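Shown next, in structure tokens, is the structure this report addresses.
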Amino acid sequence: EQLDWSVGRVLETLDRLRLADHTLVIFTSDNGPVLDDGYADQAVEKVGKHKAAGPLRAGKYSIYEGGTRAPMLARWPGQIRRGTTSDALISQVDLMASLGALTGQRLTGNAGPDSFSLLPALLGESRKGREYIVQHAGGVAIRKGDWKLIPEGEGSRRELLTRPEPGSPQPLELYNLAADPGETTNVAAKHPDIVRELSALLEKVRTSPRTRP
């Protein structure tokens, strides 16, 4: 409630000062939800039946979508059509290159080597985002299109929205997020070709860091 109120005051101020048409506002989070993160806010006691991550699995500290997929809203009257949504794959690290492109700045040298300009997707002009994205939460996973691969032993599989101790290493997992956004069914055994493709792509990313010319 406090967050909603605070954001409302910022937007109202931009409107009052007639700056809204010249201001891109981005609202996002650095991770999925968590109930017990060390604060005495009674979140655990008062959460009731509310599912903070919605249909997604787990939350903060987890490699599952509930931990790594974050909400993102953008407002820029006259530039972004009101009420539009997008499934374009984008990472927050892409904001560096995207905002650089917006302001006519070019990243040079080793600045933001894994940041890509996805300005058309950010402004709702294109539904095309990244080809793939590497997710991180104690380890890594890779997503390409609808497919997500969590390598064997990688990443925290924490399920609770509190802070339990990490569990034992887990087997390789593959999910089709279009058919199974809640990551309930590991289909790695049924799609060895996808496992090989994503495993090779992730290894390429690990061993061939991108450097800007």
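For the sequence shown, my numbering begins at 4 and goes up steadily by one.
Backbone N, C-alpha and C fix where the C-beta goes; we use that ideal spot for every residue, glycine too.
Every value quoted in this text rests on a predicted model; they were computed, and no experiment measured them.
Q) Where do the ends of the alpha helix (DSSP H) carrying I197 lie? A) Translated into the one-based positions of the sequence shown, residue 197 becomes position 194. Looking at the DSSP string, the run of the alpha helix (DSSP H) that includes I197 is 195-210.
Q: Name the two residues that bound the continuous alpha helix (DSSP H) containing L126.
A: Start at 1 with the first residue of the sequence shown, and residue 126 comes out as number 123. No alpha helix (DSSP H) contains L126, which DSSP labels as neither H nor E.
Q: Thinking G132 and A124 are a contact (beta carbons under 8 Å), I'd like their distance in whole angstroms, please.
A: Here residue 132 corresponds to residue number 129 of the sequence shown, with the count starting at 1. Here residue 124 corresponds to residue number 121 of the sequence shown, with the count starting at 1. Contact holds; Cβ gap of about 5 Å.
Q | Delimiting residues of the alpha helix (DSSP H) encompassing Q5 | A | If you number the sequence shown from 1, residue 5 lands on position 2. Run containing Q5: 5-19, per the alpha helix (DSSP H) assignment.
(Q) Within a Cβ cutoff of 6 Å, which residues of the same chain sit near V28, ignoring the five residues on either side of it in sequence? (A) The residue you call residue 28 lines up with position 25 of the sequence shown. Same-chain partners within the cutoff: R78.
**Q.** Cβ pair S217, S120 closer than 8 Å
**A.** It is not possible to answer for residue 217, since the shown part of the chain is limited to 4 through 216.
**Q.** Under the three-state DSSP convention, the category E176 falls into
**A.** On the sequence shown, residue 176 is found 173 positions in, with the first residue counted as 1. In this structure, E176 counts as strand in the three-state DSSP scheme.
Q: Output the distance between the C-alpha atoms of A182 and D117, rounded to the nearest integer angstrom.
A: Counting from one through the sequence shown, the residue named residue 182 turns up at place 179. Counting from one through the sequence shown, the residue named residue 117 turns up at place 114. Their backbone Cα atoms lie some 29 Å apart in a straight line.
Q | Start and end residues, alpha helix (DSSP H) containing K49 | A | Within the sequence shown, residue 49 is the residue found at index 46, counting from 1. Unbroken alpha helix (DSSP H) run through K49: 46-49.
**Q.** CB of S32 within 8 Å of CB of A73, strictly
**A.** As a position in the sequence shown, residue 32 is number 29, starting the count at 1. As a position in the sequence shown, residue 73 is number 70, starting the count at 1. Cβ distance < 8 Å, so S32 and A73 count as in contact.
Q) Does the beta carbon of R78 come closer than 8 Å to any beta carbon on chain D? A) Within the model displayed, chain D is absent; a lone protein chain is all it includes.
Q | Whether P174 touches L205 by CB criterion (8 Å) | A | As a position in the sequence shown, residue 174 is number 171, starting the count at 1. As a position in the sequence shown, residue 205 is number 202, starting the count at 1. Not in contact: P174 and L205 (Cβ atoms no closer than 8 Å).
Q | Span separating the alpha-carbon of Q21 from that of L76 | A | In the sequence shown, residue 21 corresponds to position 18, counting from 1. In the sequence shown, residue 76 corresponds to position 73, counting from 1. According to the sequence displayed, residue 21 carries Arg and not Gln. Near 21 Å, if we compare the C-alpha coordinates of L76 and R21.
Q: Using beta-carbon positions only, say whether Y64 and R161 come within less than 8 Å of one another.
A: Taking the first residue of the sequence shown as position 1, residue 64 is located at position 61. Taking the first residue of the sequence shown as position 1, residue 161 is located at position 158. Yes; because the gap between Cβ atoms is below 8 Å, this pair is in contact.
Q. Are there 16 or more other CB atoms within 10 angstroms of the CB of K49, so buried, or fewer, so exposed?
A. Against the sequence shown, residue 49 aligns to sequence position 46. So K49 counts as exposed.
**Q.** Where H25 falls: helix, strand or coil (DSSP)
**A.** If you number the sequence shown from 1, residue 25 lands on position 22. Reduced to three states, the DSSP call for H25 is helix.
**Q.** Exposure label - K54; buried when at least 16 CB within 10 Å
**A.** Within the sequence shown, numbered from 1, the residue matching residue 54 stands at position 51. With fewer than 16 Cβ atoms within 10 Å of its Cβ, K54 is classed as exposed.
Q: Would you tell me roughly how many angstroms separate the C-alpha atoms of T111 and V47, rounded to the nearest one?
A: In the sequence shown, the residue the question calls residue 111 occupies position 108. In the sequence shown, the residue the question calls residue 47 occupies position 44. When rounded, the distance between both Cα atoms is 46 Å.
Q: Quickly, what does DSSP pair Q138 with across the bridge? List them, please.
A: Your numbering for residue 138 matches position 135 in the sequence shown. Partner(s): A144.
Q. Would DSSP call L152 helix, strand or coil?
A. Taking the first residue of the sequence shown as position 1, residue 152 is located at position 149. Looking at L152 - three-state DSSP - the assignment turns out to be strand.
Q: Can you give me the Cβ contacts of P58 inside the same chain, cut-off strictly under 8 Å, excluding the 5 residues immediately before and after it?
A: As a first step, residue 58 is located in the sequence shown; it is residue number 55 there, counting from the start. Once the five neighbours on either side are set aside, the close Cβ partners of P58 are P184, G185.
Q: Reducing DSSP to helix, strand and coil, say where L102 ends up.
A: Counting from one through the sequence shown, the residue named residue 102 turns up at place 99. In this structure, L102 counts as helix in the three-state DSSP scheme.
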